[in-house]
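Structure first, commentary second.
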Amino acid sequence: MTTTTAKPGVLLTMGRALTQLRTQLREIGLNLSVWDENGRLAGKFQTPCQFCQMAQESRAGCIEAAESLAIKLMHDGRQAQSVSPCGCSLIGVPIYQRRRLLGAAVACYLPRSLVEDEAFNRLCDRLKIDRQAALGMAQPFCRHELSQADDFLKILGWMLAREQAVQTSQEELGNLSANLASTYEELGLLYAITGSMNINRQPRDFLQNVCSQILEVMNISAAAAVVHAKRPSEDEIVVVAGDMNLDAVQIKLLADEFVARKLIRDQDPAIENDFGHAYGAAGNIRNLIAVPLVSDERTIGVLMGFNKRSGDFNSVDVKLISSLGTQTAVFLEYSRLYADMKDLLMGVLHAMTASIDAKDPYTCGHSQRVAIISKRLAEACGLSAEHAQRIYLAGLLHDVGKIGVPESVLRKPGRLTDEEYDSVKRHPAIGARILGGIRQLEDVVEGIVTHHERLDGRGYPRGLKGDQVPLEGRILGLADSFDAMTSDRTYRRAMSLTAVTDEIKRNAGTQLDAVLVDKLLSMDLSAFMDELSILVPNPLGLDAIGSKECK
Amino acid sequence: MSKKILIADDEAHILHVLSLKLKNAGYDVVTAVDGEEALDLCLMERPDLVITDCQMPFMSGLKFCGELRRHEDTRHIPAMMLTAREFDIEPAELQQAGISVILAKPFAPREVLQKVHELLGEHETIESESIQTN
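Going down the list, the sequences are from chains W and X. If you number the first sequence the way the working numbering does, the last residue is 553 and the count never jumps. If you number the second sequence the way the working numbering does, the last residue is 182 and the count never jumps.
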C-alpha cells in the first residue's frame, strides 16, 4: 500500500477536522481522501490494499474513481457514491464551510462481494495477476458489504458535519478568548492608570508609568510622552519607553513635527500607518499613533506610540490611547494646580511669618528655623512625612500671634514689666485666634497654642502639665528654645553650643520633654546649625525692609 | 412580528455578542461571515436593518451595502457599519453605500442597540430586555 501526495489546498484550514475523521474511518476499514475545490487531491491518498495498488498501475484503481466522484460532488454539491474499476465502493460528501464549497471527502472500502464477483476475476486476468494471490491481497480488507454504502454515506456526512462544527467552535472559542484577554488587558491598563493618579506623584514618574504600560498592552515597540512647559520657569518633560533607541531630542522633534504637519488637527488623535512612506523620515518608525494631551482646550503635550508589532493601528488603539491621553491630561492639570496651590500657600505663609519676624530684628528668620528644627525633630520621632509637614507649618506659624504684641515690647532691650510680660504671654492665644478660622490648619493651631506650655505646669497660657501638653507643642517648645538660645536677642548675645546643650539638659523633664531632648542632642548640632544658616540665609531680603540688624 | 436584523462580520465573537444583545431586545437575528453571504441572505431574508463590518473576505461591507442599493427589494434597508478603521473611510463612500451610522470598534453593545432603535424609528427603548441566553 503506497501513498500519493498532492499539494495542500485551501481545504487545509479544515485540516484538524479532516485528519481526525481520516483516523477514525481507518479504524473501521474506510480510507478517506480529500479533494480541493479544483478537484485536486489534498493531502494523501492511501489505497485500501495492494491489489488496488496494482490495479492502479493499470489505471483501474480507486484514485481515478475517487477523483471522478469528487469532481461530480463539486459539480452537483450533493452526496454521491460509485464503484471503482477495481471493485472498491466509494462514497463521497461535499465539504462546505458556511455556504462555500471547499472540496469533497471521499471514502472507499473493499466490499465483501468483490472477491466473488466475476469482474474481479476478469480484472485479475487483465492485470495478469494470479487469482489466488489477488484474493490473498484483497480478502483481509473486505470487511463490509456493498449494501452498507448508503449507511456509510450518511455516517460520513454526519461525522464531517460534527468534526467541522467542533473545529469551528474551537477556533471561535480561541479567538474569543484572545479577544477577551486583550480586552481585559486594556481594562486593566485603564484601572491601573486611574489608580496611579496620586496627586503627590511626580508628573515625570506618572508619564513614565503610562508609557511603559501602553507598550505592553498595545503591543508596540516604543511609547513616548512630551509635555510642554507652561511657564519659562518650568521644564519640558519628555519620557520614552521601549526598545527603539529613540532619544528625548528625537521624540521632541517628532512631536513638534507632528503638530506642525497638522496631523493632530482639532486636538483629535491621529494615526499614520505608513509613516516611513508618507514622511520618508524618522529612521525606523514604520507606523505611529498620537493623541494630544488637552487641558482646558489647550494642547499641553502629546502621547505617542510607535511601530505596532502586529499589523496597523486601528480604532481600538485610538480609543485606548485617547482614554489614556484624557486621563493623563487630567492628572497633569491637577498635579500642576496642586503644585501651584501648594507654592502659593507656602509663599503666603512665609510672607506672613517674615512680616512678624520683621517686627523684631533679633528674631529675623526665627520662624523658618523653628519650622525646620521642629520638622527634623518630628522625623527623628518617626512621625509620618505628612505629620512632619504639619509640624513644619506649625513651626512656621508659631509666633504669628506676636502681631498682637506691641513692637515696643518685642524690641525692648531690658527687662519687661509684669504688664509687658503679660502682653507677650498672650501671643499663643492670639495666634490660635488668627488661624482658628482656617479649617485646613485646625491641627496646626493645637501646636501653636501650646508651644509655651511646660511639662511642670509652669508654662502659659493654660499651665498644662505633663501628658496634657500635646506632642506638637513639646516639639515646637524645644525647637523654639533651641533657636532662641543659639540666636542673638535684644537682651543677650547668642550662647555657645556647649552652654545651649547644658541649658537644654538642665531643663529636660521640667520645661522640656526628656525624650525629645535626647533626640535633639543626639544630632550633630554644629553641622545642623551650619545647615540652618544655609537654609535660612537672609529670609526674604528683610534688609530691604529696613532691619539693618538682621543677619 | 419582531423585526429582523442581519449582522455581517468575519469575527465570530462580534456576531455572538451582538446577536445576544439584539435577541434579548426582542429582534430576530441572522448572521453572515462575509459580504457575499450577507448579500445573498439579505435578498432571501429581507431584514429590516443590516449591521456590517467593513473588512470582510470576498466582499467588503461597503461593497455589500452598495449592492443592497442596486436591488429594488433591498434598496431601502438602513445600514450601520462597525469598523476598526473608520478613519480610512470617506464620508462620501458611506453616503454612496447608504450607511447612515458608523461606530468604531470597540463599541458598547448598548450603544449599538440604541442606534438600532433610532434607525428603526423605535425611539422608546424596548421595555426591560428579557433575560434570555439562547
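Cβ coordinates follow ideal geometry from the N, Cα and C atoms, glycine included.
Around the Cβ of residue i, are there at least 16 other Cβ atoms within 10 angstroms (buried) or fewer (exposed)?
i       : result
D309(W) : The residue you asked about is not Asp; residue 309(W) is Asn in the sequence shown. Buried, since its Cβ has 16 or more Cβ neighbours within 10 Å.
I440(W) : exposed
K482(W) : One detail in the question is off: residue 482(W) reads as Asp in this sequence, not Lys. When all chains shown are included, D482(W) counts as buried.
P539(W) : exposed
I55(X)  : buried
M92(X)  : exposed
T365(W) : buried
T25(W)  : exposed
V98(X)  : buried
Which value, in whole angstroms, describes the spacing of the CA atoms of residue i and residue j?
i       : j       : result
G282(W) : C102(X) : Low confidence applies to G282(W): its pLDDT is 47, below 50, so where it sits in the model is not reliable, and the reading given next is rough at best. Approximately 29 angstroms between the Cα atoms of the pair.
C90(X)  : D57(X)  : 14 angstroms
K111(X) : D96(X)  : 19 angstroms
K254(W) : V164(X) : 45 angstroms
M49(X)  : G74(X)  : 10 angstroms
Q99(W)  : I216(W) : 38 angstroms
K133(W) : R42(W)  : Note on residue identity: the sequence assigns Arg, not Lys, to residue 133(W). Whole-angstrom Cα-Cα distance: 33 angstroms.
L8(X)   : S148(X) : Summary: the structure shown does not reach residue 8(X), with chain X confined to residues 49 through 182, and so no result is reported for it.
L116(X) : K71(X)  : 24 angstroms
L395(W) : I405(W) : 17 angstroms
V304(W) : L209(W) : 11 angstroms
M161(W) : A140(X) : 49 angstroms
L383(W) : L443(W) : A small fix is needed here, since residue 383(W) is Cys in this sequence, not Leu. If you take the alpha carbons of C383(W) and L443(W), they lie about 22 angstroms apart.
T79(X)  : L168(X) : 18 angstroms
E421(W) : R508(W) : 28 angstroms
R114(W) : L178(W) : 48 angstroms
A132(X) : E39(W)  : 32 angstroms
I2(W)   : V446(W) : Missing from the structure shown is residue 2(W); chain W here goes from 3 to 553 and no further.
E159(X) : A86(X)  : 22 angstroms
I477(W) : N181(W) : 59 angstroms
S535(W) : T328(W) : 45 angstroms
G1(W)   : R102(W) : Here chain W comprises residues numbered 3 to 553, so residue 1(W) is not present and cannot be evaluated.
T503(W) : A257(W) : 60 angstroms
E118(W) : Q141(W) : 10 angstroms
E166(X) : S325(W) : 27 angstroms
Q370(W) : L398(W) : 5 angstroms
S528(W) : L351(W) : 28 angstroms
S410(W) : T488(W) : 23 angstroms
V242(W) : R233(W) : 23 angstroms
L248(W) : G307(W) : 12 angstroms
V212(W) : I195(W) : 7 angstroms
At 7 angstroms on the CB atoms, spell out the chain X contacts of residue i, in chain order.
i       : result
K310(W) : Those do not exist, as K310(W) stays about 12 angstroms from chain X at its closest Cβ, beyond 7 angstroms.
R101(W) : E85
I'd like to know if residue i contacts chain X, where contact means its C-beta is closer than 8 angstroms to some C-beta of that chain.
i       : result
S325(W) : no
I273(W) : yes
L178(W) : yes
N289(W) : no
N33(W)  : no
D181(W) : Checking the sequence, you will find Asn at residue 181(W) rather than Asp. Yes, its Cβ sits closer than 8 angstroms to a Cβ of chain X.
G282(W) : Bear in mind that the predicted position of G282(W) carries a pLDDT of just 47, short of 50, making it unreliable; the figure below should be weighed with that in mind. So, not an interface residue.
Mind checking if residue i is an interface residue toward chain W, Cβ cutoff 8 angstroms exclusive?
i       : result
K153(X) : yes
A60(X)  : yes
Mind listing the chain X neighbours of residue i? Cutoff is C-beta to C-beta under 9 angstroms, in chain order.
i       : result
V318(W) : A132, A152, K153 and P154
K321(W) : A152, K153 and P154
Check the Cβ of residue i against every Cβ in chain W and list those closer than 7 angstroms, keeping chain order.
i       : result
F112(X) : Residues of chain W passing the Cβ test: none, with the nearest at roughly 15 angstroms.
What residues from chain W crowd round residue i, counting only those whose CB sits closer than 8 angstroms?
i      : result
G81(X) : Residue identity check: residue 81(X) is Val in the sequence provided, not Gly. Correct list: R100.
For a contact defined as C-beta to C-beta under 8 angstroms, what are the partners of residue i on chain X?
i       : result
E174(W) : A60, H61 and H64
*For the segment 456-465 of chain W against the segment 510-519 of chain W, are there 3 or more C-beta pairs whose distance is under 8 angstroms?*
yes
_Cβ contact check for the segment 492-503 of chain W and the segment 458-472 of chain W: 3 or more pairs under 8 angstroms_ = In short, these stretches do not touch, since the Cβ pair count stays below three.
*asked:* Does the segment 56-72 of chain W come into contact with the segment 87-103 of chain W, if we say contact requires no fewer than three beta-carbon pairs (one atom in each stretch) closer than 8 angstroms?
replied: yes
*How do the segment 105-124 of chain X and the segment 59-69 of chain X stand: do at least 3 beta-carbon pairs fall below 8 angstroms, yes or no?*
no
*Are three or more beta carbon pairs between the segment 161-173 of chain W and the segment 127-145 of chain W nearer than 8 angstroms?*
no
*Can we say the segment 355-364 of chain W touches the segment 222-234 of chain W, given the rule of at least three CB pairs closer than 8 angstroms?*
no
*Are at least three pairs of beta-carbons, each pair with one atom in the segment 146-153 of chain W and one in the segment 104-114 of chain W, less than 8 angstroms apart?*
yes
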